[in-house]
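Chains as they are written, first to last, in UniProt numbering: chain Z, 1 to 262; chain U, 1 to 262. Report on one structure; see the data block that follows.
There are 2 protein chains.
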Amino acid sequence: MAKKYERIADELRQHIRAGQLKPGERLPAETTLAKQYRTSVPTMRDALGELLAEGLIDKRHGVGNFVRKPPPRVERTNERHQWEKDRARAAQNEREQTGATEHDTGLTVSDLVFKARYRETKADEDLAAAFAVPVGTRLLERVYRTYPRDGDAAFSLVCSHLVHDVVAANPDLLDESNEPWPGGTQSQLHTIGIELDHIVERITARPPTSEEAEELGLQKGVSVIVLRKISIDTEGRVVDVSDVIMPGDRTELVFTTRLDRW
Amino acid sequence: MAKKYERIADELRQHIRAGQLKPGERLPAETTLAKQYRTSVPTMRDALGELLAEGLIDKRHGVGNFVRKPPPRVERTNERHQWEKDRARAAQNEREQTGATEHDTGLTVSDLVFKARYRETKADEDLAAAFAVPVGTRLLERVYRTYPRDGDAAFSLVCSHLVHDVVAANPDLLDESNEPWPGGTQSQLHTIGIELDHIVERITARPPTSEEAEELGLQKGVSVIVLRKISIDTEGRVVDVSDVIMPGDRTELVFTTRLDRW
DNA sequence: GAGTGGTCTAGACCACTGT
DNA sequence: CAGTGGTCTAGACCACTCC
Numbered sequence: 001m002a003k004k005y006e007r008i009a010d011e012l013r014q015h016i017r018a019g020q021l022k023p024g025e026r027l028p029a030e031t032t033l034a035k036q037y038r039t040s041v042p043t044m045r046d047a048l049g050e051l052l053a054e055g056l057i058d059k060r061h062g063v064g065n066f067v068r069k070p071p072p073r074v075e076r077t078n079e080r081h082q083w084e085k086d087r088a089r090a091a092q093n094e095r096e097q098t099g100a101t102e103h104d105t106g107l108t109v110s111d112l113v114f115k116a117r118y119r120e121t122k123a124d125e126d127l128a129a130a131f132a133v134p135v136g137t138r139l140l141e142r143v144y145r146t147y148p149r150d151g152d153a154a155f156s157l158v159c160s161h162l163v164h165d166v167v168a169a170n171p172d173l174l175d176e177s178n179e180p181w182p183g184g185t186q187s188q189l190h191t192i193g194i195e196l197d198h199i200v201e202r203i204t205a206r207p208p209t210s211e212e213a214e215e216l217g218l219q220k221g222v223s224v225i226v227l228r229k230i231s232i233d234t235e236g237r238v239v240d241v242s243d244v245i246m247p248g249d250r251t252e253l254v255f256t257t258r259l260d261r262w
Numbered sequence: 001m002a003k004k005y006e007r008i009a010d011e012l013r014q015h016i017r018a019g020q021l022k023p024g025e026r027l028p029a030e031t032t033l034a035k036q037y038r039t040s041v042p043t044m045r046d047a048l049g050e051l052l053a054e055g056l057i058d059k060r061h062g063v064g065n066f067v068r069k070p071p072p073r074v075e076r077t078n079e080r081h082q083w084e085k086d087r088a089r090a091a092q093n094e095r096e097q098t099g100a101t102e103h104d105t106g107l108t109v110s111d112l113v114f115k116a117r118y119r120e121t122k123a124d125e126d127l128a129a130a131f132a133v134p135v136g137t138r139l140l141e142r143v144y145r146t147y148p149r150d151g152d153a154a155f156s157l158v159c160s161h162l163v164h165d166v167v168a169a170n171p172d173l174l175d176e177s178n179e180p181w182p183g184g185t186q187s188q189l190h191t192i193g194i195e196l197d198h199i200v201e202r203i204t205a206r207p208p209t210s211e212e213a214e215e216l217g218l219q220k221g222v223s224v225i226v227l228r229k230i231s232i233d234t235e236g237r238v239v240d241v242s243d244v245i246m247p248g249d250r251t252e253l254v255f256t257t258r259l260d261r262w
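In structure tokens:
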């Protein structure tokens, strides 16, 4: 009654967990495995597909299937926001030391390659609702990528939106060649007199688009975590709406909620 | 170069988004679709598999494939914790009105079926580390399920852990027949003099186990969001560790972080 | 060029649902 | 019982990687 590919996946899972198959080790070819388990290649592939989605193996086209090393999970905490706010007004040389990604990953600036691209767009229905502005309002769209210097896959895909006419008060903020801006977005907003009051983050999970899977180096069946960060200033105005796409198998979000005392 | 099943999935996606296929409507049989798209049944199934993982269609064995109605997303906010704390000391009749699930879903008590099961266990390595107690410490494990009265799939799978000897101070807390306890866990802890100071929530995403997929009514390819909630009291002691499993296609987590003023 | 995984086909047979 | 989707098989052919 149990499905064959599930039984095979279970067996392989046991072998991996028990350490009979070690991290980094190559599995036998799929045709070989199919013979070993007395099944067909497609069924064998279904079994391997389960392990793939769980992040237990890596498939490398033309090379083989490998037991995956337990992936280092990247934590992203909500305490980063206060940390960023505290630094937003610090001296430039202090702000230059590290950014929020380094804060999360524990890596240093020299390990990371950073890219930014700015573009002008118009608010669609979704963003217009988030900003509480009319559809078609001019926005500044900022796309960020951070890669480890050696690897190839990005840590996360970030797309930030600001209301163009608001940030135009400081022309430096419209120029992508000023990135990476020491101290990040809160520091940029500080130059035009904006102070953040609170941040709302909405989190969902879904399968990646093929572009997202490509950029993040995701195996088939692995979901992404989508985080929409909405920054509200002390006037109650929405000043930034950012979408962050993170690999579901390597990400852990941490939120601390402090409670009022009785 | 584009994969055939992706092209077909794209076409069907367009038809659904454009409203040519309406929510609730049945698609032609897979054999029929395969002929229409001049492909084989397995390839057609790969295409439908994409839509399935995205939550655009429902597959019903022996019946057919249906366009899914946009699923009502259940929000879970971190403001629920302060809300629960405020009610923990309220009069019993007020606490009885509604619980946190109703607070999140907007449904009333009569729409929901609630089940609780208590069990005594010993701390494994994972939980021992979370509680900062020795492995093998006696714990009280509490499993909760909340179902809509009409539907069949649970909203979420909750498993809470308390240190047995701590809560045994009030024997009522060891008896599952006292569930649902008006006012929830914070109210229960209040009876033994525990006040919460803050809550840490760690969020990850992964494919469901087959049991989870069954209980939550998940289609193939849909991930679950896993939330581990750690409650810390005013003494800095971890008093509760709860794991919450939620369907990735119907859940939105909302976290608000308030920032100190400059 | 040899060996690997990726895509696609064609079809058998089983399990589930509703009439 | 008829019709549907679910599982499994057997094998062709392509794309990628490395020697």
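Just so it is clear, CB atoms sit at the ideal spot from N, CA and C, and this is done for glycine as well. Just so you know, these numbers come straight off a predicted model, no measurement behind them.
Chain U within 9 Å of residue i, Cβ atoms only
i: residue 198 (chain Z); result: yes
i: residue 82 (chain Z); result: yes
i: residue 39 (chain Z); result: no
i: residue 67 (chain Z); result: no
i: residue 95 (chain Z); result: no
i: residue 17 (chain Z); result: no
i: residue 260 (chain Z); result: yes
i: residue 194 (chain Z); result: no
i: residue 78 (chain Z); result: yes
i: residue 234 (chain Z); result: yes
Separation of residue j from residue i, as counted between CA atoms
i: residue 133 (chain Z); j: residue 179 (chain U); result: 47 Å
i: residue 41 (chain U); j: residue 247 (chain U); result: 29 Å
i: residue 260 (chain Z); j: residue 235 (chain U); result: 14 Å
i: residue 88 (chain Z); j: residue 240 (chain Z); result: 16 Å
i: residue 70 (chain Z); j: residue 119 (chain U); result: 32 Å
i: residue 114 (chain U); j: residue 8 (chain U); result: 42 Å
i: residue 262 (chain U); j: residue 186 (chain Z); result: 12 Å
i: residue 25 (chain U); j: residue 48 (chain U); result: 15 Å
i: residue 215 (chain Z); j: residue 146 (chain Z); result: 11 Å
i: residue 19 (chain Z); j: residue 11 (chain Z); result: 12 Å
i: residue 4 (chain Z); j: residue 43 (chain Z); result: 8 Å
i: residue 209 (chain Z); j: residue 121 (chain U); result: 42 Å
i: residue 138 (chain Z); j: residue 129 (chain Z); result: 14 Å
i: residue 76 (chain Z); j: residue 117 (chain Z); result: 23 Å
i: residue 39 (chain Z); j: residue 211 (chain Z); result: 34 Å
i: residue 112 (chain U); j: residue 51 (chain Z); result: 36 Å
i: residue 188 (chain U); j: residue 181 (chain U); result: 7 Å
i: residue 59 (chain Z); j: residue 153 (chain Z); result: 15 Å
i: residue 64 (chain U); j: residue 29 (chain U); result: 7 Å
Which of helix, strand or coil DSSP assigns to residue i
i: residue 60 (chain Z); result: strand
i: residue 122 (chain Z); result: strand
i: residue 80 (chain U); result: helix
i: residue 240 (chain U); result: strand
i: residue 131 (chain Z); result: helix
i: residue 203 (chain U); result: strand
i: residue 247 (chain U); result: strand
i: residue 167 (chain Z); result: helix
i: residue 223 (chain U); result: coil
i: residue 22 (chain U); result: coil
i: residue 153 (chain U); result: coil
i: residue 258 (chain U); result: strand
Span of the alpha helix (DSSP H), counted from its first residue to its last, around residue i
i: residue 68 (chain Z); result: Neither: residue 68 (chain Z) is in no alpha helix (DSSP H) and is coded neither H nor E.
i: residue 5 (chain Z); result: 4 to 17
i: residue 94 (chain Z); result: 92 to 95
i: residue 48 (chain Z); result: 41 to 53
i: residue 216 (chain U); result: 210 to 216
i: residue 27 (chain Z); result: Taken as a continuous stretch (DSSP letters only), residue 27 (chain Z) belongs to no alpha helix (DSSP H), as it is neither H nor E.
Minimum Cβ-Cβ distance from residue i to chain Z less than 9 Å
i: residue 248 (chain U); result: yes
i: residue 257 (chain U); result: yes
i: residue 178 (chain U); result: no
i: residue 85 (chain U); result: yes
i: residue 156 (chain U); result: no
i: residue 254 (chain U); result: yes
i: residue 215 (chain U); result: no
i: residue 205 (chain U); result: yes
i: residue 225 (chain U); result: yes
i: residue 221 (chain U); result: yes
i: residue 146 (chain U); result: no
beta-carbon residue i near the ligand SAH non-hydrogen atom, thresh 8 Å
i: residue 146 (chain Z); result: The ligand SAH is not part of the structure shown, which contains no ligands of any sort.
Residue range of the beta strand (DSSP E) that includes residue i
i: residue 141 (chain Z); result: 138 to 148
For this session: Answer yes if the segment 222 to 234 of chain Z comes into contact with the segment 168 to 175 of chain Z, meaning at least three C-beta pairs across the two stretches below 8 Å, and no otherwise.
Result: No, the segment 168 to 175 of chain Z is not in contact with the segment 222 to 234 of chain Z.
For this session: Pair every Cβ in the segment 193 to 202 of chain Z with every Cβ in the segment 249 to 258 of chain U, then say whether three or more of these pairs are closer than 8 Å.
Result: The segment 193 to 202 of chain Z vs the segment 249 to 258 of chain U: in contact.
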